Each structure stands twice: as C-alpha cells, then as structure tokens.
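Only one structure is covered here, and it is reproduced in the block below.
In our numbering, the protein residues as written are 2 to 224.
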C-alpha cells in the first residue's frame, strides 16, 4: 500500500538549528501543511540513538511512524508525493532536470559554507570566486516570472531557499551583499524569504546563532 499523509500520523524531524538541509524539509513540511515535531541535537556530540537511525550521521532525519528517511532531497520528494499539490514538474524530463539542479544546489550551499568560514581575506576571495561561478550558473537559469522554474513554487525553490536565508543574514550582520551581481537570484531570494513557510523555517534567533557560529569559527566576516 502506498503511503498517504494522514493528519494523525506521527512525524518527527531531527535537526540542528543552523542546518540548511534541515531547513529545506521544514519549508516543505510547512508549505504542505503537514503536522510534525522537531527535535534538535548537538552535531558535535551526536547521541547514540541518532547514529542508530542515520547511517550517514547527518541531519535531517525524518521519522514517519516507525519508518526512517534521510537526505533532504529524498525526504522532500516523499513529503510531496504523499500530499496533494505536487511541487515537482509532471514532465519526466523537467522533473529530472529539477532533481539535477537540486543536487547542484547542495554544492552551492557547501560553497556558501566555505565562503562564510574563510579565515582571512585571501581565502574568502578564493572561496567567493568558486561560489560566484556556481551562482552564475543558477542566475542563467532562474526565471524572472516568480520562482526558479516560473510562476509556480517547486521543490527546487525549497532546496534553494536556505541559501537566501544565509545570504540575507550575512548582509544584515556584516553589510556584505554576496548577491549584488546576480539580480535574478536576488529577486528570487526576496520572493522566497517573503513566504511564511520560508520565514518560519528557522528559529527566531537564527541570525544571532549564525553570527556566534561564525565568530567561534574565526570567520573573516566577523573581523
């Protein structure tokens, strides 16, 4: 029997408060109106019960009743498929393209992470150059009609949204606009950040926690 979401289904998302990959799944859960609980763990001191659930030792992990899923892209497609109003294209080719760009967006997140944690100006410039190369590819494909593919929100947008949360935090905290040369991405980010499911997908003190994290890592941005 295929799984169909029922409001009384026990769903728990295991998370780290600053994890962009968890944020992807929170956005999808909120957009779909799925009831869920969230449990935060310390990634520096992962509990044994978590390691027993997650073969990769990473978040997010979704507990769906007695079943366990991991990897944000897999979790998001599952959540999409058990609810109405698909966030994936119906055309097989376009669906495959979206999956490919969702995978690429994970690499952009890692490039953003490396840029944020650079410890000196030279390392920052090198990391930012790599990040900009990836952003240029996204800029070329981003629609100017609303969201990444066009007028309709899709899972590629929920995958990209955490990037914009962090770009906005960096601009707010350190007055550095890393999207200044990418107008279509900047507009997409503004549209996504205005959505309640995106603004509500992080803890209220996210910027403060993010600043502390970068400070503890001796990021050049904080100096």
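The beta carbon of each residue, even a glycine, is placed where N, CA and C say it ideally should be. Note that the coordinates shown come from a computational prediction; the quantities given were computed from them, not determined experimentally.
Extent of the continuous beta strand (DSSP E) run through residue i
| i | result |
| --- | --- |
| residue 15 | 12–16 |
| residue 268 | No answer is possible for residue 268: the residues shown for the chain start at 2 and end at 224. |
| residue 62 | 62–65 |
Close Cβ partners of residue i (< 8 angstroms) along its chain, the five nearest in sequence each way excluded
| i | result |
| --- | --- |
| residue 221 | 119, 120, 121, 122, 124 and 125 |
| residue 87 | 81 |
| residue 216 | 223 |
| residue 5 | 83 |
| residue 200 | 194 |
| residue 56 | 71 |
| residue 2 | In this prediction, residue 2 has a pLDDT of 39, which is less than 50 and means its spatial position is unreliable; what the coordinates show is noted afterwards. For residue 2, where only same-chain residues beyond five positions count, there are no Cβ hits under 8 angstroms. |
Under 7 angstroms between C-beta atoms of residue i and residue j
| i | j | result |
| --- | --- | --- |
| residue 159 | residue 28 | yes |
| residue 41 | residue 59 | no |
| residue 26 | residue 77 | yes |
| residue 139 | residue 186 | yes |
| residue 33 | residue 63 | no |
| residue 16 | residue 35 | no |
| residue 101 | residue 132 | no |
| residue 193 | residue 149 | no |
| residue 89 | residue 156 | yes |
| residue 21 | residue 163 | yes |
Run of the alpha helix (DSSP H) containing residue i, from where it starts to where it stops
| i | result |
| --- | --- |
| residue 114 | 93–117 |
| residue 39 | Residue 39 -> not in any alpha helix (DSSP H); beta strand (DSSP E) instead, spanning 38–41. |
| residue 30 | 21–33 |
| residue 45 | That residue, residue 45, is in no alpha helix (DSSP H); it is neither H nor E in DSSP. |
| residue 207 | 207–217 |
| residue 195 | Note, residue 195: premise wrong, no alpha helix (DSSP H); not H, not E. |
Distance cut-off 6 angstroms: residue i Cβ against heavy atoms of the ligand MN
| i | result |
| --- | --- |
| residue 52 | What this structure holds is no ligand at all, so the ligand MN is not there to describe. |
6 angstroms Cβ shell around residue i - same chain, five flanking residues per side excluded
| i | result |
| --- | --- |
| residue 128 | 115, 116 and 119 |
| residue 11 | 66 |
| residue 219 | 120 |
Close beta carbons around residue i, own chain, < 7 angstroms, minus the five adjacent residues each side
| i | result |
| --- | --- |
| residue 203 | 24 and 166 |
- Item | Contact the region 94–105 vs the region 52–60: 3+ CB pairs below 8 angstroms | no
- Hey, is the region 205–213 in contact with the region 33–51, meaning 3+ C-beta pairs nearer than 8 angstroms? no
- Message: Contact between the region 168–175 and the region 195–209 is defined here as three or more beta-carbon pairs at a separation below 8 angstroms; is this criterion met?
- Response: yes
- Item | Secondary structure, alpha helix (DSSP H): runs of 4+ residues fully inside the region 122–159 | 122–142
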